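Asks:
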Ligand code: RP5
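Residue numbers (full-length UniProt numbering): 394 to 574.
1) Hey, would you say the C-beta of residue 422 is under 7 Å away from at least one heavy atom of the ligand RP5?
2) Apart from the five residues on each side of it in sequence, which residues of its chain come closer than 7 Å, Cβ to Cβ, to residue 543?
3) Does the Cβ of residue 439 lie closer than 7 Å to at least one heavy atom of the ligand RP5?
4) Hey, would you say the C-beta of residue 427 is under 7 Å away from at least one heavy atom of the ligand RP5?
5) In the DSSP assignment, the beta strand (DSSP E) including residue 475 goes from what residue to what residue?
6) Compute the Euclidean distance between the alpha carbons of residue 398 and residue 440, then round it to the nearest angstrom.
7) Can you name, in chain order, every residue of its own chain whose Cβ lies under 7 Å from the Cβ of residue 530, other than the five neighbours on each side?
8) Please state whether DSSP places residue 501 in a helix, a strand or coil.
9) Would you say the beta carbon of residue 479 comes nearer than 7 Å to a heavy atom of the ligand RP5?
10) Identify whether residue 422 lies in helix, strand or coil by the three-state DSSP scheme.
11) According to the neighbour-count rule (16 or more other Cβ atoms, all chains shown, within 10 Å of its Cβ), is residue 433 buried or exposed?
12) Rounded to whole angstroms, how far is the Cβ of residue 535 from the Cβ of residue 497, which I believe are closer than 8 Å?
13) Would you list the residues sitting across from residue 493 in a DSSP beta bridge?
Here it is as structure tokens:
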């Protein structure tokens, strides 16, 4: 099968086809300023051929849109939501409060508090409403976690992830060899 290219450049251009008509994953973010952090999640889903949609939903600036998005997500066919936000990062938690789907939170680093504010806002969820939180600015891991969640129900996906991990391992072992020389 096709080799995963983890170093392909990330290019966001209008019309680059981010929204599949039948997405399994929703990638949402509080602002277009979060896009550079969230695009690696989209790249990962591209690589694993998982259909997704990508859009802006702001917990604070577009609260009605947030409710509509979260409440309709599962009936629209979404199976996992990746939500990135910075600062008072309420988006992932509020989405998780309004859907039974798994939600992955991406803390986005802002200009003043180094993303620790976002991390704490996302990771400190109350008992009963979980958000799977990845590292600050790690949209890529959010994409990979979404693939792993979906692999429970999609044939071939676990094998594809195995292959991806083996490629990473080979790359690191190759560097070990280079350093020996
Ligand atoms: C959050 O505020 C967004 O998720 C973003 O990370 C941060 C700053 O947003 P902008 O002022 O850049 O639109 O809601």
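C-beta atoms are modelled at their ideal positions from N, C-alpha and C, and glycine is treated no differently.
Fair warning: this is a prediction, and the values are worked out from it, not measured in the lab.
Replies: Let's see:
1) Residue 422 sits at position 29 when you count from the first residue of the chain shown. At least one heavy atom of the ligand RP5 is nearer than 7 Å to the Cβ of residue 422, so yes.
2) For the purposes of this step, residue 543 is identified with residue 150 of the chain shown, where counting begins at 1. Same-chain partners within the cutoff: 417, 443, 472, 473, 550.
3) Position 46 of the chain shown holds residue 439. Outside the cutoff, so no.
4) As a working note, residue 427 is residue 34 in the chain shown. Residue 427 Cβ: within cutoff of the ligand RP5.
5) Position 82 of the chain shown holds residue 475. Counting along the chain, the beta strand (DSSP E) containing residue 475 begins and ends at 473-479.
6) Start at 1 with the first residue of the chain shown, and residue 398 comes out as number 5. Start at 1 with the first residue of the chain shown, and residue 440 comes out as number 47. In this prediction, residue 398 has a pLDDT of 46, which is less than 50 and means its spatial position is unreliable; nothing more can be read from the coordinates.
7) As a working mapping, residue 530 is identified with position 137 in the chain shown. Cβ within range, chain order: 430, 501, 502, 508.
8) Translated into positions along the chain shown, residue 501 becomes position 108. If DSSP states are grouped into helix, strand and coil, residue 501 belongs with the strands.
9) Looking up residue 479 in the chain shown gives position 86. Checking the Cβ of residue 479 against the ligand RP5 gives yes.
10) Position 29 of the chain shown, counting from 1, holds the residue named residue 422. In the structure shown, residue 422 sits in a strand (DSSP, three-state: E or B).
11) Counting from 1 along the chain shown, the entry for residue 433 is found at position 40. Under this definition residue 433 is a buried residue.
12) Translated into positions along the chain shown, residue 535 becomes position 142. Translated into positions along the chain shown, residue 497 becomes position 104. Right, the Cβ-Cβ distance comes to about 5 Å (below 8 Å), so this counts as a contact.
13) Looking up residue 493 in the chain shown gives position 100. BP columns for residue 493 are empty, so no partner.
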